[in-house]
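Here is the structure we will look at.
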Amino acid sequence: MTLPRFYPIFESADWLERMLPLGVKLVQLRVKDRSDAETRAQIRRARELCRDHGAILVVNDHWRIAIEEGCDWLHLGQEDLDDADLDAIRAAGLKLGVSTHDEAELERALALSPDYVALGPVWPTILKKMKWHQQGVAKLTEWKARIGTIPLIAIGGLNIDRAPEAFAAGADVVSVVTDITLNPDPEGRVRDWLRVTA
25 MTLPRFYPIF ESADWLERML PLGVKLVQLR VKDRSDAETR AQIRRARELC RDHGAILVVN
85 DHWRIAIEEG CDWLHLGQED LDDADLDAIR AAGLKLGVST HDEAELERAL ALSPDYVALG
145 PVWPTILKKM KWHQQGVAKL TEWKARIGTI PLIAIGGLNI DRAPEAFAAG ADVVSVVTDI
205 TLNPDPEGRV RDWLRVTA
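For the sequence shown, this note's numbering gives the first residue as 25, with consecutive numbering after it.
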């Protein structure tokens, strides 16, 4: 499977409304700390926006709502895997991406026949506190050799200058959050990303 090489992650459908018209074709909605009703409304709106723009929506974590709302893709972290009904997810036809950080997590992910594997943080990240320090680009090369044709997503500390290094090391896709959301010109930054990942 070939995925678009640029994969931004946003916390609300408002961001998708701004960025999808620029040409983003793969996007994750990571809704945190909202009520079920708010979360469902965000996912439903994001799903419609992505359909309107011919983009792939990946729903982070909320697998029940993703199934109920007829979404196509789901991303699960390792903790999320503990509580997710993987049989129900597969029965609903959802494609699955999984976060990995170490050997045991990669083995667990590969046992699920994922549709992509994410490795991070490749570089230090300010997004969230993690027990893993930067993984480094050499680990991208190692992971890619292990997973073969499964798409490999590089995440964590990515910026425009680091993207070529991630691709050269074996990443198929680069994923970013704060490099866009904290940028004074998020739209301009997304245009730059689309250029370097074209």
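We put the CB at the ideal spot given by N, CA and C, even for glycine. Since the structure is predicted, the reported quantities are computational estimates derived from the model, not experimental observations.
If you ignore the 5 residues before and after Val-220, its C-beta comes within less than 7 angstroms of the C-beta of Ile-184, Ala-187, all in its own chain and listed in chain order. Asp-126 and Asp-106 have their C-alpha atoms some 17 angstroms from each other. In the DSSP assignment, Ile-91 falls within the alpha helix (DSSP H) that extends over 87–92. With a contact defined as Cβ atoms closer than 8 angstroms, Leu-50 and Leu-27 qualify at about 6 angstroms. The Cβ-Cβ distance between Pro-138 and Val-122 falls below 8 angstroms. Remark: C-beta atoms of Trp-217 and Val-197 do not approach each other more closely than 8 angstroms. A residue is called buried once 16 or more other Cβ atoms fall within 10 Å of its Cβ, and Asp-109, having fewer, is exposed. With fewer than 16 other CB atoms across the displayed protein chains lying within 10 angstroms of its CB, Ile-150 is exposed. The straight-line gap separating the alpha-carbon atoms of Asp-203 and Leu-40 is approximately 15 angstroms. Assignment of beta-bridge partners to Lys-168 by DSSP yields no partner. Counting other Cβ atoms within 10 Å of its Cβ, Leu-118 reaches 16 or more and is therefore classed as buried. Under the three-state reduction of DSSP, Gln-52 is assigned to strand. Relative to the Cα of Leu-44, the nearest Cα in the group Tyr-31, Cys-74, Glu-62, Arg-29 belongs to Cys-74. No Cβ-Cβ contact shorter than 8 angstroms links Ala-142 with Ile-171.
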